[in-house]
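Reviewing the structure listed below.
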């Protein structure tokens with residue numbers, strides 16, 4: 014599972030799935046491709062439909078989290094943190110950090126750890 018360590022508030026220093034806000038007129042799947050390039054320097058292909066989560070613990074606004082499955086276009090490419098991230102990297106289920114930002118993110122990661130495909 015690819016995680017990003019947040020460089021900015023809220024939850025600075027905590028980990029999360031790469032994420033970002035959908036821009037006006039942008040398809041949500043295109044947001045995935047854009048955000049992974051910006052946050053982790055990875056070119057990815059979305060491979061399926063999203064799972065949807067809701068959270069109220071973001072002080073900026075309540076939000077829906079759409080979690081899309083995606084794979085790197087280059088399987089040998091390594092993630093490199095962009096300017097919105099302190100770090101990024103691949104984690105196995107037993108390596109997931111305890112400090113995961115946002116309620117929806119924690120539920121999505123728990124689903125993944127229990128075998129749900131994301």
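Numbering (the numbering used here), first residue to last: 14 to 131.
Ideal Cβ placement from N, Cα and C applies to all residues, glycine included.
According to DSSP, is residue i helix, strand or coil?
{"i": "residue 69", "result": "coil"}
{"i": "residue 41", "result": "helix"}
{"i": "residue 113", "result": "strand"}
{"i": "residue 18", "result": "strand"}
{"i": "residue 98", "result": "strand"}
{"i": "residue 83", "result": "strand"}
{"i": "residue 64", "result": "strand"}
Please name the residue in the options whose C-alpha comes closest to that of residue i.
{"i": "residue 133", "options": "113, 122, 126 and 66", "result": "There is simply no residue 133 to check, as the chain begins at 14 and stops at 131 in what is shown."}
{"i": "residue 116", "options": "27, 14 and 83", "result": "27"}
{"i": "residue 64", "options": "88, 121, 126 and 128", "result": "121"}
{"i": "residue 81", "options": "62, 109 and 128", "result": "62"}
{"i": "residue 33", "options": "70, 86 and 77", "result": "77"}
{"i": "residue 15", "options": "97, 84, 96 and 128", "result": "84"}
{"i": "residue 104", "options": "79, 48, 91 and 50", "result": "91"}
{"i": "residue 19", "options": "129, 118, 123 and 124", "result": "118"}
Assign residue i to one of two classes, buried (16 or more other C-beta atoms within 10 Å of its C-beta) or exposed (fewer than that).
{"i": "residue 55", "result": "buried"}
{"i": "residue 22", "result": "exposed"}
{"i": "residue 17", "result": "buried"}
{"i": "residue 132", "result": "Any question about residue 132 goes unanswered here, given that the chain covers just 14 to 131."}
With hydrogens ignored, establish whether the beta-carbon of residue i is closer than 8 Å to any heavy atom of the ligand NAD.
{"i": "residue 99", "result": "You won't find the ligand NAD in this model; it holds no ligand whatsoever."}
Tell me, please, whether the region 44-58 touches the region 103-110 by the rule of three or more beta-carbon pairs shorter than 8 Å.
No, the region 44-58 is not in contact with the region 103-110.
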